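Participant: Protein chains in written order, with the working numbering: chain A, 3 to 191; chain B, 16 to 244. All C-beta atoms, glycine included, are put in the ideal place defined by N, C-alpha and C. Please read all numbers here as calculations on a predicted model, not as lab measurements. Have a look at this one.
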């Protein structure tokens, strides 16, 4: 009787081992191996990114202080209106023009901050900039005005001309009203 | 012969010749062997699975550790530094790419304006990345010149959507007031748009006067010129 039952029990135990331990455990092993593979891939990607990041940091640090200063002037983190006005006055003076009737309007910095948060990690768009619109008047000849305009448009502190208005008078001297926009890109939060 | 062909030289087993006990015993041994083999196989499989499980878990831990090591190698200040720098470079690129040259407008107008046409007032409205709207008021001695001016401007591909309006004849009395706009002849108003892409700053001087001013500008406070390079 025992001789008959023993193999049956053996088969039952073998089947139990197979179906209730080996098979489920094998599935877990496969999943663990897959997970380990994913971690390895992630580690490899992280290593590659780290190398790339270090290369970028090195590249950034290889910029000369002069170039970095030019970038700072072109895209400052905040707008120094007083300096811009002083510079504009200086350019006008250089071209023997009278400079005055100044009006400064700042853009909504909160809206720009929201734009930045939304655009964080994405490409910079125009709304990310904080702007300041400076309106002023100039008195001088047309040639002087063109020379002034030429200097403004190639200024390193980028000034985008938004509006120019003037009316021809009798003499050579005319009054020009002009609005320029300056930009700054505050750091992301 | 017929008896030969029917019978075989192999002795036929008659049922009951082989004892039942012997047959059962042989069957039982095969069954027992299969059962034992299955049990041993299952146990070996379980051992293998256990080994694989431990090995997989250890590999997983190793991989997690490796990822953590890589993660620890990242320096937040480096990421911030590069991100901020990239953002500023992108910003600079965007500004330079959309930077217009108002001098282009004046150069184009000077080129395209006919000798007998005199502009008395000008207004340039620039919406960055969108368009540059030009409004001009002027006077010309006769309608024919105005028509020719319209043709001249429409041939220029830089200025688009040109509209002449408020065309009126002025008598000579108005000119006594000294306003150029009200000089005798035909006064008109002109509106048009420049596509910003056509008047982008490219670093070149658009007038002879500018060359002289460049030298002066070298010493100005703003100092340096920008180019799109």
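Would you say residue 169 (chain A) and residue 135 (chain B) are within 8 Å of each other, going by their C-beta atoms?
Facilitator: In this structure, residue 135 (chain B) lies closer than 8 Å to residue 169 (chain A) by Cβ.
Participant: Give a yes or no on whether the C-beta atoms belonging to residue 58 (chain A) and residue 97 (chain B) are separated by under 8 Å.
Facilitator: Cβ distance < 8 Å, so residue 58 (chain A) and residue 97 (chain B) count as in contact.
Participant: Express the C-alpha separation of residue 84 (chain B) and residue 91 (chain B) in angstroms, rounding to a whole number.
Facilitator: Cα-Cα distance, rounded: 15 Å.
Participant: Checking the sheet assignment: what are the DSSP bridge partners for residue 175 (chain B)?
Facilitator: Paired residues: B:208.
Participant: Looking at the secondary structure, which residues open and close the alpha helix (DSSP H) in which residue 68 (chain A) lies?
Facilitator: Element bounds for residue 68 (chain A): 67 to 76.
Participant: Would you decide whether residue 216 (chain B) is buried or exposed? Buried here means 16 or more other CB atoms lie within 10 Å of its CB.
Facilitator: Buried: at least 16 other Cβ atoms inside 10 Å.
Participant: Kindly say whether residue 131 (chain B), judged by its beta-carbon, lies nearer than 8 Å to any beta-carbon of chain A.
Facilitator: Answer no: the Cβ-Cβ gap between residue 131 (chain B) and chain A never drops below 8 Å.
Participant: Just to make sure I have the definition right: I need the residues of chain B whose C-beta is within less than 7 Å of the C-beta of residue 58 (chain A). Which are they?
Facilitator: Chain B residues near residue 58 (chain A): 97.
Participant: I believe residue 162 (chain A) touches residue 182 (chain A) by the beta-carbon criterion, under 8 Å. Please report the beta-carbon distance rounded to the nearest angstrom.
Facilitator: About 7 Å separates the two Cβ atoms, so the contact holds.
Participant: When burial is assigned at 16 or more other CB atoms within 10 Å of the CB, is residue 133 (chain A) buried or exposed?
Facilitator: Per the 10 Å Cβ criterion, buried.
Participant: I think residue 64 (chain B) touches residue 24 (chain A), with their Cβ atoms under 8 Å apart; what is that distance to the nearest whole Å?
Facilitator: Contact flag correct, Cβ pair sits at about 5 Å.
Participant: Rounded C-beta distance between residue 12 (chain A) and residue 53 (chain B)? I'm assuming under 8 Å.
Facilitator: Right, their Cβ atoms sit about 7 Å apart.
Participant: Under 7 Å from any heavy atom of the ligand COA, does the C-beta of residue 21 (chain A) make it?
Facilitator: No copy of the ligand COA appears in this structure; indeed no ligand is present at all.
Participant: Does residue 100 (chain A) get closer than 8 Å to chain B when you measure Cβ to Cβ?
Facilitator: By this cut-off, residue 100 (chain A) is not an interface position.
Participant: Could you compute how far the alpha carbon of residue 118 (chain B) sits from the alpha carbon of residue 188 (chain A)?
Facilitator: Approximately 30 Å, taken between the alpha carbons.
Participant: Against chain B, which members of the segment 177 to 191 of chain A pass a CB distance test of less than 8 Å?
Facilitator: Cβ contacts with chain B come from 183, 185, 187, 189 and 190.
Participant: So with CB distances below 9 Å, who are the chain A contacts of residue 137 (chain B)?
Facilitator: Correct list: 166, 167, 168, 169 and 170.
Participant: When DSSP labels each residue in this structure, what does residue 154 (chain B) get in the three-state scheme?
Facilitator: Of the three classes helix, strand and coil, the one that applies to residue 154 (chain B) here is strand, per DSSP.
Participant: Decide yes or no for the touch test of the segment 85 to 101 of chain A against the segment 128 to 142 of chain B: beta carbon pairs closer than 8 Å, at least 3 of them.
Facilitator: Verdict: no, contact absent.
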